[in-house]
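Reviewing the structure listed below.
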Amino acid sequence: MIGFDHESFQPTLQNWFDNMHPDDREAVRATYQACLNSGEPGAMEYRRRNKSGAWQWMYSVGRVVEWDDAHKPVRMIGIHMDISERKLAEQALHAAKEQAELANRAKDSFLATMSH
Numbered sequence: 028m029i030g031f032d033h034e035s036f037q038p039t040l041q042n043w044f045d046n047m048h049p050d051d052r053e054a055v056r057a058t059y060q061a062c063l064n065s066g067e068p069g070a071m072e073y074r075r076r077n078k079s080g081a082w083q084w085m086y087s088v089g090r091v092v093e094w095d096d097a098h099k100p101v102r103m104i105g106i107h108m109d110i111s112e113r114k115l116a117e118q119a120l121h122a123a124k125e126q127a128e129l130a131n132r133a134k135d136s137f138l139a140t141m142s143h
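In my numbering, each residue carries its 1-based index in the sequence shown increased by 27.
See the structure below:
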């Protein structure tokens with residue numbers, strides 16, 4: 028999904044955060060910590076660097092499934108999905124909406140000028 032094979036991928040928490048976009052780390056870290064503290068599932072969207080070095084949008088959801096005797100989390104399960112295409116479509120839709128709003132304001136201004 029992000030271009031690494033099983034031999035070269037380091038599935039550690041530190042690697043996950045190290046390869047996350049700096050602007051997304053704080054929110055993801057807070058969601059992750061809340062998931063650990065509450066035992067409830069946590070879901071997040073963030074950018075992660077892929078093997079080629081490009082940013083790739085990801086959606087991750089996970090939850091703690093095992094605790095030790097002191098009730099500290101010891102194992103989580105979850106999924107990671109590439110949502111890059113969806114994010115690109117959202118950005119294109121947002122840009123198109125802004126263009127339509129600008130065109131509408133220009134039309135209103137033109138009509139107001141013509142009616143005087």
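Note that beta-carbon positions come from the ideal geometry of N, C-alpha and C, so glycine has one too.
Handout entry: Bridge partner(s) assigned by DSSP for Trp-94
Key = Along the sequence shown, read from residue 1 onward, the residue named residue 94 stands at position 67. Note: Trp-94 sits in a beta bridge opposite Pro-100.
Practice task
Could you check how far apart the C-beta atoms of Thr-58 and Gly-66 are, in whole angstroms? I think they sit under 8 Å.
Solution key: Within the sequence shown, numbered from 1, the residue matching residue 58 stands at position 31. Within the sequence shown, numbered from 1, the residue matching residue 66 stands at position 39. About 14 Å; that fails the 8 Å criterion.
Handout entry: Nearest-angstrom beta carbon gap, Trp-94 and Ser-111 [assumed within contact, 8 Å]
Key = Counted from its first residue, the sequence shown places residue 111 at position 84. Counted from its first residue, the sequence shown places residue 94 at position 67. Actually they are not in contact, since the Cβ atoms of Ser-111 and Trp-94 sit about 34 Å apart, beyond 8 Å.
Exercise for the section: Could you check what DSSP says for Ala-81 in three-state terms: helix, strand or coil? Expected result: Position 54 of the sequence shown, counted from the first residue, corresponds to residue 81. Under the three-state reduction of DSSP output, Ala-81 falls in the coil class, being neither helix nor strand.
Problem - Length of the line joining the Cα atoms of Asp-135 and Gln-126 - result: As a position in the sequence shown, residue 135 is number 108, starting the count at 1. As a position in the sequence shown, residue 126 is number 99, starting the count at 1. Taking the straight line joining both Cα atoms gives about 14 Å.
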